[in-house]
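Colleague:
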Amino acid sequence: MARKPLEEKNYDLIILGGGPAGLAAGIYGGRAKMNTLIIEKGSVGGRAFTTREIVNYPGFPDTTGPELTGIMRDHAEKFGCTITKETIKTVDFSDDMKVLTTRKNKYTAPAVIIATGTEARVLGIPGEKEFTGDGVAYCATCDAEFFQDQHVVVVGSGDQAIEEGMFIAKFAEKITVIVLHEEGILDCNKQAAERAFKHPKMNFVWNSVLDAIYGEDSVEGVKVKNVKTGEINDLACQGVFFFVGLVPQTAFLEGTGLETSSRGYIPTTDLMETNLEGIYAVGDVRDKYLRQIATAVGDGATAATAAERFIEEQKDIQENIMNSDKPLLLSFWTPDYDDSLEKVNAVDKVVAESGLDYKTMEADYTRKKTLASKFGVELNDNKHAAVIIIKDGKKAGELDLAGDIASQLK
Numbered sequence: 001m002a003r004k005p006l007e008e009k010n011y012d013l014i015i016l017g018g019g020p021a022g023l024a025a026g027i028y029g030g031r032a033k034m035n036t037l038i039i040e041k042g043s044v045g046g047r048a049f050t051t052r053e054i055v056n057y058p059g060f061p062d063t064t065g066p067e068l069t070g071i072m073r074d075h076a077e078k079f080g081c082t083i084t085k086e087t088i089k090t091v092d093f094s095d096d097m098k099v100l101t102t103r104k105n106k107y108t109a110p111a112v113i114i115a116t117g118t119e120a121r122v123l124g125i126p127g128e129k130e131f132t133g134d135g136v137a138y139c140a141t142c143d144a145e146f147f148q149d150q151h152v153v154v155v156g157s158g159d160q161a162i163e164e165g166m167f168i169a170k171f172a173e174k175i176t177v178i179v180l181h182e183e184g185i186l187d188c189n190k191q192a193a194e195r196a197f198k199h200p201k202m203n204f205v206w207n208s209v210l211d212a213i214y215g216e217d218s219v220e221g222v223k224v225k226n227v228k229t230g231e232i233n234d235l236a237c238q239g240v241f242f243f244v245g246l247v248p249q250t251a252f253l254e255g256t257g258l259e260t261s262s263r264g265y266i267p268t269t270d271l272m273e274t275n276l277e278g279i280y281a282v283g284d285v286r287d288k289y290l291r292q293i294a295t296a297v298g299d300g301a302t303a304a305t306a307a308e309r310f311i312e313e314q315k316d317i318q319e320n321i322m323n324s325d326k327p328l329l330l331s332f333w334t335p336d337y338d339d340s341l342e343k344v345n346a347v348d349k350v351v352a353e354s355g356l357d358y359k360t361m362e363a364d365y366t367r368k369k370t371l372a373s374k375f376g377v378e379l380n381d382n383k384h385a386a387v388i389i390i391k392d393g394k395k396a397g398e399l400d401l402a403g404d405i406a407s408q409l410k
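In the UniProt record's numbering, the protein residues as written are 1 to 410.
1) Look at the alpha carbon of ILE213 and the alpha carbon of ARG291, and state the distance between them as a whole number of angstroms.
2) Taking DSSP's pairing of strands, which residues face LEU276 in a bridge?
3) I think LEU235 touches PHE93, with their Cβ atoms under 8 Å apart; what is that distance to the nearest whole Å?
4) What residue range does the beta strand (DSSP E) around TYR107 cover?
5) Round the Cβ separation of ASN203 and VAL227 to the nearest angstrom and send it over; I've been treating them as touching at under 8 Å.
6) Could you pull out every residue in the same chain whose Cβ sits closer than 6 Å to the Cβ of TYR358, ignoring the five residues on either side in sequence?
7) Considering only residues of the stretch 198-270, which uninterrupted alpha helix (DSSP H) runs meet the minimum length of 4 residues and lie entirely inside it, listed in chain order?
8) Taking LEU180 as the reference, which of VAL222, SER157, LYS343, LYS198 has the closest Cα?
9) From MET361 to TYR280, what distance separates their C-alpha atoms?
10) Note down the Cα distance separating GLY42 from LYS85, rounded to an integer number of angstroms.
11) Are there three or more Cβ pairs, one per stretch, closer than 8 Å when the stretch 142-152 is compared with the stretch 313-322?
12) Residues in the same chain with beta-carbon distance under 6 Å from CYS188, minus the five sequence neighbours each way, listed in chain order, please.
13) Which residues does DSSP pair with GLY397 in a beta bridge?
14) Report the residue from VAL177, GLU216, CYS81, VAL155 whose alpha carbon sits nearest the alpha carbon of GLY245.
15) Would you mind working out which of PRO248, GLU231, GLU216, HIS151 sits nearest LYS201, comparing C-alpha positions?
16) Flag this pair as yes or no: are the beta carbons of LEU401 and LYS343 separated by less than 8 Å?
17) By DSSP, does THR64 sit in helix, in strand, or in coil?
18) Please state if the CB of LEU23 and the CB of ARG73 are separated by a distance shorter than 8 Å.
19) Quick check: THR370 and GLU277, are their CB atoms within less than 8 Å of each other?
20) Which class does ASP92 belong to by DSSP, given the choice of helix, strand or coil?
21) Using only the alpha-carbon positions, how far apart do GLU53 and GLY65 sit?
22) When burial is assigned at 16 or more other CB atoms within 10 Å of the CB, is CYS142 buried or exposed?
23) Using three-state DSSP, classify HIS151 as helix, strand or coil.
24) Cβ of CYS81 within 8 Å of Cβ of GLY135?
25) Which residue's Cα is closest to the Cα of THR108: GLU119, ILE39, VAL377, ILE390?
26) For ASP381, I'd like the list of residues in its chain whose CB is within less than 8 Å of its CB, leaving aside the five on either flank, ordered along the chain.
27) Within the same chain, show all residues whose beta-carbon is closer than 8 Å to that of LYS89, passing over the 5 residues directly before and after it, in chain order.
28) Please report the Cβ distance between ALA306 and LEU271, rounded to the nearest whole angstrom; I am assuming they are in contact, meaning their Cβ atoms lie under 8 Å.
29) Under a Cβ-count criterion, where at least 16 other Cβ atoms within 10 Å of its own Cβ denotes burial, should PRO20 be classed as buried or exposed?
30) At 3 residues or longer, and completely inside the stretch 273-324: list those beta strand (DSSP E) runs for me, N to C.
31) Measure the beta-carbon distance from GLY18 to VAL44 and round it to whole angstroms, keeping in mind my assumption that it falls under 8 Å.
32) Quick one: what's got a C-beta closer than 8 Å to PRO58's C-beta in the same chain, skipping five residues either side?
33) In chain order, which alpha helix (DSSP H) runs of at least 4 residues are fully inside the stretch 331-368?
34) One question on the structure: do VAL99 and THR256 come within less than 8 Å of each other, judged by their Cβ atoms?
35) Identify which residue in GLU128, ILE178, GLY184 has its Cα closest to the Cα of VAL205.
36) For GLU119, report the span of its beta strand (DSSP E) as first-last.
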């Protein structure tokens, strides 16, 4: 039986991932009247959705992940952003219209924002994979309640490990945190560390790593190795939570030409632009200093705004430049220099007075860098303006603004 053809759906902007970064981009995209789609394979809200307690998001001193991301989702949908739950199968960024396919649909758009975030890192120690779902867990919000009155081991000492460990303590009888560092040294913020040290259910094993997890049908204990002495001890427990770092979700982008760092994160400009035109990256998947909900939201807002301008530029290029019925003088100027616009206006004046059959178009270089790049124009401290000649959609030359303009156009 022949497979049913994929249904093609066209959008102005497609956002991959529905965490805070993706939802913020959806809000800004929808508000800008762009036909915007968010594709999320899991829970809308991303990793933030699984966070039980959020105390550092501005304006929300005491909220939860489901509550905060739920508000964000409602906000995005209010502005007309469509949200669908699907998994991306293939990606093609090679043409002006980017193509993303799922099992049922084929989506296209001139701009794509990657907001796929991260997932918990797997250490691969003996027993970790075998007991996942049977005592081994990575999400406190999802699984903490299943360890009521039990002994739980937490692996890791960063913000997530300590804060989630204290949340698990609301259910568990005892929490033991396995810490690689010397006694008293945690990787989390000072406030969380102080609370954890005072918590009656929180215990710490220093200078140690988890060596193995064992049990019959579910976790019954772990082997803990002291990194200084090499001694291995058994520790009876019923659950193990891993909080040992995150892995960016970029594997599905292999082969697209998109650049990633050695750790798999996506480098961007201040406008969230990647190395591919029309492709942006935001949130935890981006190579950056701080990964928090507040910074993710800023990324999303920036990317959607940049994408809107990019799309408008592409329309201008197609309608006014590529399809121009006359030779075109495309002038680039910048507000950074007083003489920049004067030079461009001087060219326009020559064209008007001479009656030459040229169409003219001006572009602010600071706002039209994609257009400038397309035609190889770069302004700097030594070059404050540029005027290029375009014929049949192609660059045919560039004027010497210090020379006789009229003679160059004849």
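Here a beta-carbon is modelled for each residue, glycine too, at the ideal position from N, C-alpha and C.
Bear in mind the structure is a predicted one, so any value in this text is a computation, not a measurement.
Modeller: In short, the structure shows the following:
1) 30 Å
2) Beta-bridge pairing links LEU276 to no other residue.
3) Not a contact, Cβ separation roughly 49 Å.
4) 105-109
5) In fact, because the Cβ distance is near 18 Å, the residues do not count as touching under 8 Å.
6) PRO327, LEU329, VAL351
7) Segments of the alpha helix (DSSP H) lying fully in the stretch 198-270: there are none.
8) Nearest C-alpha to LEU180 among VAL222, SER157, LYS343, LYS198: SER157.
9) 28 Å
10) 7 Å
11) Cβ pair count under 8 Å is below three, so no.
12) GLY158, ASP159, ILE162
13) In DSSP, GLY397 forms a bridge with ILE389.
14) VAL155
15) Ranking the options by Cα distance to LYS201, first place goes to HIS151.
16) yes
17) Correct three-state label for THR64: coil.
18) Their beta carbons are under 8 Å apart, which means ARG73 touches LEU23 by this criterion.
19) Contact: yes.
20) strand
21) 7 Å
22) Exposed.
23) Correct three-state label for HIS151: strand.
24) Taking 8 Å as the Cβ cut-off, CYS81 and GLY135 do not qualify as a contacting pair.
25) ILE39
26) none
27) Excluding positions up to five away in sequence, the list reads THR101, THR102, ARG103.
28) Right, their Cβ atoms sit about 4 Å apart.
29) buried
30) 279-281
31) 4 Å
32) ALA294
33) For the stretch 331-368, whole alpha helix (DSSP H) runs of length 4 or above, ordered along the chain, are 338-354.
34) no
35) ILE178
36) 118-120
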